Amino acid sequence: MNLETYAENTWCKGCGNFGLLNSFKDAVNELVEEGALKAENMVISSGIGCHGKTVDYLNLNSFYSLHGRAISCVSGMKIANPNLTVVAFQGDGDAFGEGIAHVIFSAKRNMDAMLLVHDNMVYGLTTGQFTPTSDKGFKGKSTPRGSIEEPMNPLALVLASGGTFVARGFVGKRKHLVGLFKKALLHKGFSFVNVLQPCVTFNNTYSHFRENTYILEDEGHDPADFQAAWDKALETERIPIGLFYQVEKPTFTDLLLEDLVPAERRKPPSTAISEIISER
Amino acid sequence: MNLETYAENTWCKGCGNFGLLNSFKDAVNELVEEGALKAENMVISSGIGCHGKTVDYLNLNSFYSLHGRAISCVSGMKIANPNLTVVAFQGDGDAFGEGIAHVIFSAKRNMDAMLLVHDNMVYGLTTGQFTPTSDKGFKGKSTPRGSIEEPMNPLALVLASGGTFVARGFVGKRKHLVGLFKKALLHKGFSFVNVLQPCVTFNNTYSHFRENTYILEDEGHDPADFQAAWDKALETERIPIGLFYQVEKPTFTDLLLEDLVPAERRKPPSTAISEIISER
Amino acid sequence: MVQDLLTVIVGGEAGHGVKKSGNVISILMNELGRYVFEMDDYPSLIRGGHNFSVVSSSTSPVYSHYMSADIIVCLDKRSVDMHKDRLKDGGSLVYNADTVTLDPGTGLPMKTWIKDIKGIPLMAGTIGVAAVSALCGVEFSFLERIFKANYPRGLEANVELARMVYERMKDDEGKFELATAETRPGHLLAGNEAIALGAAAAGLDVYIAYPMTPASSVLHYLADLSKKLGMAVVHPETEIAVINMALGSAYAGARTAVGSSGGGFALMHEAFSLAGMSETPLMVILASRPGPSTGVPTYTCQGDLDFALNVGHGEFPRIVLSPSGTNQAFEKAAELLNLVWKFQVPGILLTEKHLGESWMTTSIDPESVEITEPSLYDGPLEQYGRYEKTDSGISPMLFPPVKGTVVKASSYEHDQKGITTEEAEKVVEMQEKRYRKEKAIREEMRNLLTVATYGEGSKSLVTYGSTTLSALEAVKNVDDVRVVQVIFLRPFPDWALQEALSGSDVIVAELSISGQFENLLRSKGFDVSAHIRQYDGRAFDPPELAARIREATQ
Amino acid sequence: MVQDLLTVIVGGEAGHGVKKSGNVISILMNELGRYVFEMDDYPSLIRGGHNFSVVSSSTSPVYSHYMSADIIVCLDKRSVDMHKDRLKDGGSLVYNADTVTLDPGTGLPMKTWIKDIKGIPLMAGTIGVAAVSALCGVEFSFLERIFKANYPRGLEANVELARMVYERMKDDEGKFELATAETRPGHLLAGNEAIALGAAAAGLDVYIAYPMTPASSVLHYLADLSKKLGMAVVHPETEIAVINMALGSAYAGARTAVGSSGGGFALMHEAFSLAGMSETPLMVILASRPGPSTGVPTYTCQGDLDFALNVGHGEFPRIVLSPSGTNQAFEKAAELLNLVWKFQVPGILLTEKHLGESWMTTSIDPESVEITEPSLYDGPLEQYGRYEKTDSGISPMLFPPVKGTVVKASSYEHDQKGITTEEAEKVVEMQEKRYRKEKAIREEMRNLLTVATYGEGSKSLVTYGSTTLSALEAVKNVDDVRVVQVIFLRPFPDWALQEALSGSDVIVAELSISGQFENLLRSKGFDVSAHIRQYDGRAFDPPELAARIREATQ
Ligand SMILES: Cc1ncc(C[n+]2csc(CCOP(=O)(O)OP(=O)(O)O)c2C)c(N)n1
Ligand SMILES: Cc1ncc(C[n+]2csc(CCOP(=O)(O)OP(=O)(O)O)c2C)c(N)n1
Ligand code: SF4
Ligand code: SF4
Ligand SMILES: [Mg+2]
Ligand SMILES: [Mg+2]
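Chains A, B, C and D, in that order, are what the protein sequence lines are. For the first sequence, my numbering begins at 1 and goes up steadily by one. For the second sequence, my numbering begins at 281 and goes up steadily by one. For the third sequence, my numbering begins at 561 and goes up steadily by one. For the fourth sequence, my numbering begins at 1115 and goes up steadily by one.
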């Protein structure tokens, strides 16, 4: 399938976003080929930042949303039409700063949507300020003498919020990433994939992650075990990537809508309204 | 000390807020008597909701803030003047819904402020809708057929966000609550006390909590043990109250301000500015 | 003497069933064939404090409540202090004899009676209803029927209390000889209910809101009716989530509305502008209360007009309209939902607590509402562009899933396919495309009721929103003044207003300290010869307003 | 022939040091005793794409940049395509001979040279600076001195490259004979820097912001200087946190400002209204960019005027002003901070990318700025009420800790002590108290520069904000037109504007599709005989604007 658009790609040469974008394309293409996904049913949305350009680069239905709000935007789509497969691409500043409330609540209500965070630990597009996941001491334009805050642990937060699919990937491990994306796309419920995405211009972490990440699946981690997932989420010496946790739970739209598809209205509402009024 | 004001108290008879208010007064009075706190150094702030009326009922410096923002408001006070002792009173809708981002970030940056949540698991003032901490199935005005969301676990969230003082109290255990408030007021850093506060009108949980709570301190819980705190936070069969976790870490304002007290400016800035311009 | 206009005030503590008795009195009057207007006054608290309900009714339409009453029922002492001066000559004061003794008036030992029959405090309200019913000479069996329909719980106890009241008030029974009619003049609806039903009639599929007085009752009402209406109703974590979800929902093809009051809507501004840029149809119900900030949450005001007209950074067409009473609220809510889908713009229905939470006799016809479908694309799919340039500025829509093309919406400036652009020419092209819709909306408005004129007179009292209701009631007693209501506030229907005013003297009445509506009129080139402003959180009292109109027109 | 006005364009990929070379060229010109205006044009991306800098300079003040250039330096092929038509007759085009061959112009093998000396891509910019320097006949030693000060890293390589350029361009050396002066006419500052320093000079203690183009550079600049200035600079999680923290900070006595662009400021609306209600002094820097929504983030526009004037639900006094260039930005930023503290209101400094991110020759005197202290309470402490009623509406302040009283601020309507009230009389009382400040502000404004008139002429070109800069430059070549700038936009200085216009013909120039500024003028009763609008995200080019003025005045 051709997922390309005519938009000129304006990411920096070597940016981790390329690996992410290509892995996502691979995941979609493979699932479409396997008959597990229909591309026309997909809608993607993004926040504002370097990551956001993803929607311009993918020939899929899309809504280029606001800084921090893509997951809310796709949640609304899912409410309107539960037959859609929705994915939000967000940045770390975007998802964990401006939009953290929506991430927590999407997890809490098990919204059937995928949230993919381009976690480069920096605000790329606004030229390099610290973000919630930046290390303490990170020198950005708003913290020229080093950030004084401890970094946030997004996986721990999503686990604590009731996330039913929690994963971390690294663009330096493309195959593994494609696998995670496929699982996340197929997960019924809220699927969160935090992707370690080096920003070569403002926070080049390639070698750090190349040296320090390891694959959970290689070490027999059981994604059904919540406590094990929690322990792995807190691990800092080595950095685990892979599927930390997965569980099946009823989704928000299943419970809310039952058989209703709001975007596909059939009978006119006037009869019901006349009935309602007649009682008053 | 007289902490009363002339404002007419308009809480429902039997509301859990009375116990909370009185416990807080006791805590302040005791600390003032012990010489550990100066009442004039205190500034309190609140969100909007039944809980918010607390600021009208306490003869302390106060800022009746917005729905969800009291902790941000007092954070600003602390930045302006680190010598103040600041306390935010928030509701569960307020702190965990509208204002959840600020709670997480106050914990993350170890803002030296106390956050006291009146957790009645309902929006009281707007006459009974479900909140983030309401049980699944809770029938409120916006969920007449029962809430379809799992409740949030605020203690787990604050622990996952890096909170340095995490506690839960119950207005039915007044003495214990006073003790928690005193510890929280003295904690250097972000102190979070989630108070189980029955709303007799929309969510009367008195007997439920009377029957199911137990005091952590009675069972030898070690608040220095993070994993134990986490386990206790996840406990649901019985409901632990007390101090779950406490650790000392540098506070945000210590690191940001060093010796600066922005609200007490002394030398005029013109010399520095002339210097700065001369370099251009 | 047969009495036409009758006003009843019931006052008491929150939690004493004051509002419920107001409602039941309204229902009683309605069943007697009378038009009703009920205003509920309550502070921002749940129990205690002071609540009161005012019910004005008549065999001809009553547009707003009066603050001088024929009957005042005081369930507690505070009510007596607050309301006794509002009693008209010859009126009746009924009070709770267990908490206060008064010379004129009828003392009923409410507390004792309730205790005697082992009732609950809420039943004080029942006693009030029964007292009013007795004073109006309503047959007991008639009242019993009303009770049956409205007090499903504790019916027997309530009926017993009513019997005690009728017994005790025998001498005053029928003191007020009410004009009645055979048939009910309509149904009783609150403004927010009428708005909700109007939107539903125009095909509302999804309603998303975070509670905020005085908008919350739209959420409650629709949540309650969602199954019946086949609607999804969602209450998310914040107002920001509300509007961003709503935009996603509308993008996916569901007719979607959100609602809030000033502070909550303030949080939606960023995404309101996104609706403008992405051309996503969105209906906003903005229920106003006195500000600034948290203000006086349970009262009424019109201080959000400038705010409503100018929300959102950047420039884009949008629609702002404001209805007066429930009938118009129903119609205009339906119309607004149709318009935002026709023109793919955000639209605001601006209203106030005075409309939203007051009960009015309403006659609406759901069958009369048509659902306007948006312009849908039917060209070759491979050529589809979400933002295709057209003469009207309206680009045909598609909703995913569509096989063969993609639908790309954006917050950035974009080309016709929805891909980001920063090129000067394309920026201009898209801005102009969007602005052509402004023109198209103006043209459409020529076929709509944008300005309403009521009555005749050489002078015009110009109003908007629910202040129109106060005005209509007030001018019943003023000579030579008609009421002109501006319904559409943006785009501004200057042509229609010009025609309506046709050179007459203009007096502006509004609930605002700075005179925002007057300034709007002036900025559109209309002369204003006098103004009447109020900003105490209360709607105008018709006789008081009448006096001020007389003063202003002398 | 000695040349006065000289315009240089440097274009290239993002990441090729384009902006840096623009800056160094500006510094060079400034050191030569020339006034400078530098505009940097860049898309919203980090590497690649196309950036360019325009530097116009002269021995007399240059208010805005020109789009026709004497010298164009193209670091890549795209620059040639984009800019070659902008070359004036007799101008010089310098291009990268490694990527393009052109007939007219000087090809320099930039890539090869950089490779030869093992330099980095950024050094293409250095080559550009050297070429300009050579063309202007700047002595090499002079250039070397400039390099020393501005390229601390890789200085030797840069100097070597410059030498290669001078060598190669020997024949063209001194082609442009520049007018120079002995002393630098001022310091080079960007508008945002001037604003930041102005606020600092008026005693800014705390700056809180979340990054958003084109406001971010205020945050970066102050974060960098915070130690020197003794200021706390904080970048929190969201804009909502920003403004709520800021209100807490100001409540505690610290002079506090926040900054953002439209979308970020939209999120602050709820708390902006809280500033109004709680009477908390707050300065907001609103740096505008083309909207709606995310729009065209790195470009310029004036589409946020209505938005800025009307933010916040409810009614309360506030100040909105907009400076033109850096000198005025410095002064008015200081003035606004003083005013918001004097009147305890929120205030907005509305500006645009064109001021905020352009470099201008600036002469400001920090010593001239006075810090106005707020009215402080010195009565008996037990009588203190934060919202004491006064004739001016201004209630004396206290900041905790104070022993003997409490300071209670509120978002609810409140009594004089700050305790919540819903009583009609008290609501009126407080609204009127707050509105008295509006009157007081108007009075104060009579002593301030609220409207500025530049030059003489029987016709008035009326502008606001940085469009004033374009206008000032344009009218240099138009007869009989003066420029009138409205600096204060709310309260609106109608008296001062009336005086300034004194009946002259009014032409309005603004960067807006709907003509918001023109509508504002009309709504204040001013006639407008013609307007000039642009909305492509770019500032007016002075000659183009001049032509449009001529057309409009014929
Ligand atoms: C409400 C709002 N605030 C601020 C901005 C400015 N802004 C645009 S992108 C961005 C940072 C993006 O950082 P991140 O989410 O980490 O994305 P990245 O560029 O690193 O991919 C910011 C702050 C905005 N667009 N909207
Ligand atoms: C921005 C905003 N949205 C909504 C509201 C309306 N509102 C007032 S109180 C409240 C709920 C409060 O619930 P909670 O925080 O649990 O407090 P409680 O009343 O239970 O103490 C809401 C939604 C508001 N004031 N501001
Ligand atoms: S700035 Fe960083 S994140 Fe953005 S495109 Fe460049 S390398 Fe990638
Ligand atoms: S509604 Fe609930 S929380 Fe509010 S005052 Fe009454 S009992 Fe307390
Ligand atoms: Mg990032
Ligand atoms: Mg609550």
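Each residue gets a CB set at the ideal place from its N, CA and C atoms; glycine is no exception. What you are looking at is a predicted structure, and each value in this text was computed from that prediction instead of being measured.
Nonlocal neighbours in the same chain, by C-beta distance under 7 Å from residue i, ignoring five residues either side
| i | result |
| --- | --- |
| A1276 (chain D) | T1240, A1244, L1257 and F1261 |
| T1567 (chain D) | R1596, V1598 and A1614 |
| D225 (chain A) | none |
Contacts around residue i, its chain only, beta-carbon distance under 6 Å, and the 5 residues preceding and following it disregarded
| i | result |
| --- | --- |
| M1283 (chain D) | A1248 |
| D1619 (chain D) | K1573 and S1643 |
| L749 (chain C) | T886 and T922 |
| V766 (chain C) | A792, S809, A814 and T816 |
| P478 (chain B) | G296, N484, T485 and Y486 |
Close-in-space but distant-in-sequence residues of the same chain around residue i (CB under 8 Å, 5 per side omitted)
| i | result |
| --- | --- |
| G874 (chain C) | S833, G836 and M837 |
| E1287 (chain D) | A1248, L1249, G1251 and Y1280 |
| D1102 (chain D) | Within the shown structure, residues of chain D are numbered from 1115 to 1668, placing residue 1102 (chain D) beyond reach of any answer. |
Per-residue burial, residue i [other beta carbons within 10 Å of its own, 16 or more giving buried]
| i | result |
| --- | --- |
| N282 (chain B) | exposed |
| L941 (chain C) | exposed |
| R1560 (chain D) | exposed |
| W11 (chain A) | buried |
| S208 (chain A) | Just to set this straight, residue 208 (chain A) is His in the shown sequence, not Ser. Exposed. |
| S652 (chain C) | buried |
| K293 (chain B) | exposed |
| A1554 (chain D) | buried |
Using a Cβ-Cβ cutoff of 9 Å, what residues of the segment 991 to 1022 of chain C are near chain D? List them in chain order.
Q991, E992, R994, Y995 and E998
Listed in chain order, which residues of the segment 1069 to 1087 of chain C have Cβ atoms closer than 9 Å to some Cβ of chain D?
S1072, I1073, S1074, Q1076, N1079, L1080, R1082, S1083, K1084 and G1085
Using 8 Å as the threshold, is the segment 135 to 142 of chain A in touch with the segment 217 to 233 of chain A, meaning 3 or more CB pairs across them?
no
Closer than 8 Å is the cut-off here; do at least three beta carbon pairs connect the segment 1476 to 1484 of chain D with the segment 1429 to 1446 of chain D?
The segment 1476 to 1484 of chain D is in contact with the segment 1429 to 1446 of chain D.
Any contact between the segment 862 to 874 of chain C and the segment 802 to 816 of chain C? By contact I mean 3 or more CB pairs, one from each, below 8 Å.
By the C-beta criterion, the segment 862 to 874 of chain C is judged not to be in contact with the segment 802 to 816 of chain C, since fewer than 3 inter-stretch pairs fall below 8 Å.
Segment contact, 8 Å Cβ cut-off, at least three pairs: the segment 464 to 471 of chain B with the segment 519 to 539 of chain B:
yes
With 7 Å as the C-beta to C-beta threshold (strictly closer), list the residues of the segment 606 to 622 of chain C near chain B in chain order.
I606, R607, G608 and G609
Taking Cβ-Cβ distances below 9 Å as the criterion, which residues of the segment 1347 to 1378 of chain D are in contact with chain B?
Flagged, chain order: V1347, V1348, P1350, E1351, T1352, I1354, A1355, V1356, I1357, N1358, M1359, A1360, L1361, G1362, S1363, A1364, Y1365, A1366, G1367, A1368, R1369 and T1370.
Is the segment 594 to 601 of chain C in contact with the segment 616 to 636 of chain C, if contact means three or more CB pairs nearer than 8 Å?
yes
Interface positions of the segment 1378 to 1397 of chain D facing chain C (Cβ-Cβ less than 9 Å), listed along the chain:
G1378, F1379, A1380, L1381, M1382, H1383, E1384, A1385, F1386, S1387, L1388, A1389, G1390, M1391 and S1392
Within 9 Å of chain B by C-beta, residues of the segment 106 to 132 of chain A in sequence order
K108, R109, N110 and P132
Three or more C-beta pairs under 8 Å: does that hold for the segment 424 to 432 of chain B against the segment 329 to 348 of chain B?
As far as the Cβ criterion goes, the segment 424 to 432 of chain B does not touch the segment 329 to 348 of chain B, which means the pair count is below three.
Which residues, in order along the segment 727 to 753 of chain C, keep a beta-carbon less than 7 Å from a beta-carbon of chain D?
Of all residues in the segment 727 to 753 of chain C, none has a Cβ within less than 7 Å of some Cβ in chain D.
Is the segment 1156 to 1164 of chain D in contact with the segment 116 to 128 of chain A, if contact means three or more CB pairs nearer than 8 Å?
Proximity of the segment 1156 to 1164 of chain D to the segment 116 to 128 of chain A meets the contact definition, three or more beta-carbon pairs being nearer than 8 Å.
With contact counted as at least three CB pairs below 8 Å, one residue from each stretch, are the segment 766 to 777 of chain C and the segment 904 to 924 of chain C in contact?
Contact holds between the segment 766 to 777 of chain C and the segment 904 to 924 of chain C, because three or more Cβ pairs, one in each stretch, are under 8 Å apart.
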